[in-house]
Structures are given as structure tokens and as C-alpha cells.
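Numbering (the numbering used here), first residue to last: 5 to 180.
All residues carry an ideal CB built from backbone N, CA and C; glycine is no exception.
Input: a single structure, listed below in C-alpha cells.
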Amino acid sequence: MSYLHDPVTQEHINRKVLIDWVRITGLSVQKKTGFDQVLQDFATKIVGYPVVRPAPFSWPVQAGFTNSGPAIRARVSYDFWKYFMKNGRRNLEAYNKANNKEIRISREKTKLLQEHESLGLYIRKRIREASQKAGVPVDVTIVKGLMRIGAEQIFCLPGIIRRLRNIHLFSMGACC
């Protein structure tokens with residue numbers, strides 16, 4: 005295996021890349037307003053970041069939806085992050101409290117390779133226990149982060165976790 009295709013090396017690269025990215029949720033976004041303008045307003049009006057400093061965000065993209073609107077993922081400048089950690093957090097907290105909002109800014113994270121493997125083993129064990137309890141033998145295999153249950157169903161680990169949660173909620177009567 006070459007150095008460039010080593011999973012541990014790739015894991016370190018992923019962590020280094022994601023250090024620069026944040027996810028912002030809870031912002032109300034008008035339909036025709038671009039994410040650049042929304043994030044600039046967020047930084048200056050809500051967090052209190054000085055306008056004369058370098059641009060706080062770059063490469064904004066939509067990262068899903070929340071109850072209050074779209075989540076935005078953007079690359080954050082080091083200057084903004086330093087300001088946010090010193091003063092901006094308090095300003096954001098005060099704004100949220102005063103306006104009854106829940107605007108959040110969080111750093112992107114990845115699962116470590118070991119955590120991913122341990123999670124897969126744990127899920128496989130739980131599925132086998134449940135199938136033995138029900139008396140239905142099920143073959144569960146994990147190959148390259150994908151879990152195969154039986155002959156046809158293939159899931160990524162986060163997908164199978166969501167399905168197991170739904171089954172668990174349904175069996176407790178919380179669903180429906």
C-alpha cells in the first residue's frame with residue numbers, strides 16, 4: 005500500500021482540512037440573498053466582527069436544513085475564529101437570548117478510523133443478538149465501511165444507525 009493510499013494518512017489529511025470549516029445553523033435566510041451576504045451580516049451584526057478585518061468566511065455552501073432554515077457550511081478565517089473564541093461567543097449568546105433565537109456555529113468533525121471500525125463491530129453484534137433472539141439467522145458483513153445485511157441490503161454505518169434508532173423508537177411506542 006502506498007503512502008498516499010494509507011487510511012491513517014488519509015484520516016490525518018481529513019482532520020487537517022476540516023479544521024478550517026464550520027457549520028452555522030439557525031440563521032434566517034431570505035430567498036434571493038446569497039450566502040456570502042448572509043454570513044457577512046452574521047459576522048458583523050450578530051457576532052460583532054470588525055468590518056476592517058479580513059473576510060470572515062469563504063466558500064459558503066448549503067449543508068442541509070434545520071427547523072429554522074438552511075444550515076450553511078463555510079471555510080472560516082483564522083482571524084475570525086480567534087475573535088469568535090475571545091468575544092464573539094458572548095455576543096452570539098447575548099443575541100440568541102435577546103431575540104429568542106438558536107443560532108449555532110460549530111466546527112466540522114470526522115469520525116476516527118478506529119471509532120468507525122468499533123462502531124461497525126458494535127452494530128453487527130447488536131444485529132446478530134436481535135436476530136438470534138427472534139430466531140431468524142441473518143448474515144451481517146462489513147466491507148470498506150459498508151454493512152451488508154443478508155443478501156441484498158447494503159448500508160453505510162450512519163444509515164444503519166438511523167434505521168436502528170427508528171426501529172428502537174417504534175418498538176417503544178414513541179413513533180406513530
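Status (buried if at least 16 other CB within 10 Å, exposed otherwise) for residue i
| i | result |
| --- | --- |
| V80 | buried |
| F61 | buried |
| M176 | Low confidence applies here, because M176 scores a pLDDT of 36, under 50, leaving its location unreliable; read the following figure in that light. Under this definition M176 is an exposed residue. |
| Y82 | exposed |
| I158 | exposed |
| T37 | exposed |
Backbone CA spacing between residue i and residue j [nearest angstrom]
| i | j | result |
| --- | --- | --- |
| K35 | F46 | 16 Å |
| M89 | I131 | 43 Å |
| P141 | L125 | 17 Å |
| A134 | C160 | 19 Å |
| P74 | A155 | 38 Å |
| F39 | V144 | 43 Å |
Residue i CB to nearest heavy atom of the ligand SAH below 8 Å
| i | result |
| --- | --- |
| G92 | Of ligands this structure carries none, so the ligand SAH is not represented either. |
When the options are compared against residue i, the one with the closest alpha-carbon
| i | options | result |
| --- | --- | --- |
| Y53 | G30, R94 and V26 | R94 |
| V147 | K101, T37, R128 and A138 | R128 |
Reduced DSSP category for residue i - H, G, I as helix; E, B as strand; rest coil
| i | result |
| --- | --- |
| Q34 | coil |
### Query
Is the number of C-beta pairs between the segment 89 to 99 and the segment 64 to 71 that are closer than 8 Å three or more?
no
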